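Chemist: After the structure tokens below, expect a handful of questions from me.
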Amino acid sequence: MSGDGTYEINGVVRSAVIGKIFYDMLNRKSNVLPIKKVLINNLKKAKYVIGIVNSTREDLASVSIIGIEERKLQSPLSAYLHISQISNKRLNTINEAVKVGDVIKAKLISFSIPLSLTIKAKDLGVIYAKCSRCGAVLVKQDENNLKCNMCGNIEQRKIGSYVVKKGGN
1256 MSGDGTYEIN GVVRSAVIGK IFYDMLNRKS NVLPIKKVLI NNLKKAKYVI
1306 GIVNSTREDL ASVSIIGIEE RKLQSPLSAY LHISQISNKR LNTINEAVKV
1356 GDVIKAKLIS FSIPLSLTIK AKDLGVIYAK CSRCGAVLVK QDENNLKCNM
1406 CGNIEQRKIG SYVVKKGGN
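Quick note: this note's numbering has the sequence shown finishing at residue 1424, numbered continuously throughout.
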């Protein structure tokens, strides 16, 4: 018998939407949850997401979400990170915490379009960054700074857990 997201023709149940099938054995129905609904449910359950900073303005960063926890997404989702969602400390510009090209670990705080992110928690923030002078990978120097071992440049970021450590690991 057809259920949500399905229809029936000549006794054959067919999907009306692209999605994930589940069977309701109690009511003897086949149901299909639309992919968008499945994705939103996965986002709501996620402890964190991984994203790449695409662009920045004074108080806002555009981020492409490329993964939910340890799972890579087939196509990225667009999200925004507002300066108020970075730290409890006052920042003059968002570039004091994140820069274009940085990979961040963030938490979703809004599940409607546009998706909104936060990196306020201690374990959230930049987890991979490159030197703005020479392009080498930056390593953690201290709580708020990353250092380039190639040119010696030191850059400020809101650093999350799993950032490249001093030894380069």
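Where is the CB? At the ideal position from N, CA and C, for every residue including glycine.
Keep in mind it's a predicted model, so treat the numbers as computed, not measured.
When DSSP labels each residue in this structure, what does Glu1351 get in the three-state scheme?
Modeler: Of the three classes helix, strand and coil, the one that applies to Glu1351 here is helix, per DSSP.
Chemist: Select from Ser1317, Asp1314, Leu1332, Val1267 the residue whose C-alpha is nearest the C-alpha of Leu1298.
Modeler: Taking only the C-alpha atoms, the option nearest Leu1298 is Leu1332.
Chemist: Where does Thr1311 land, buried or exposed, given buried means 16+ other C-beta within 10 angstroms?
Modeler: Its Cβ being crowded by 16 or more others within 10 Å, Thr1311 is buried.
Chemist: What does DSSP give as the partner residues of Asn1286 in its beta bridges?
Modeler: Its beta-bridge partners are Phe1277.
Chemist: For Cys1403, write down the residues that DSSP places opposite it in a beta bridge.
Modeler: Answer by DSSP bridge pairing, in chain order: Leu1393.
Chemist: Does the region 1347-1360 come close enough to the region 1273-1287 to have 3 or more Cβ pairs within less than 8 Å?
Modeler: Not touching, per the Cβ criterion.
Chemist: Under a three-way DSSP split, which group does Ser1339 fall into?
Modeler: Correct three-state label for Ser1339: helix.
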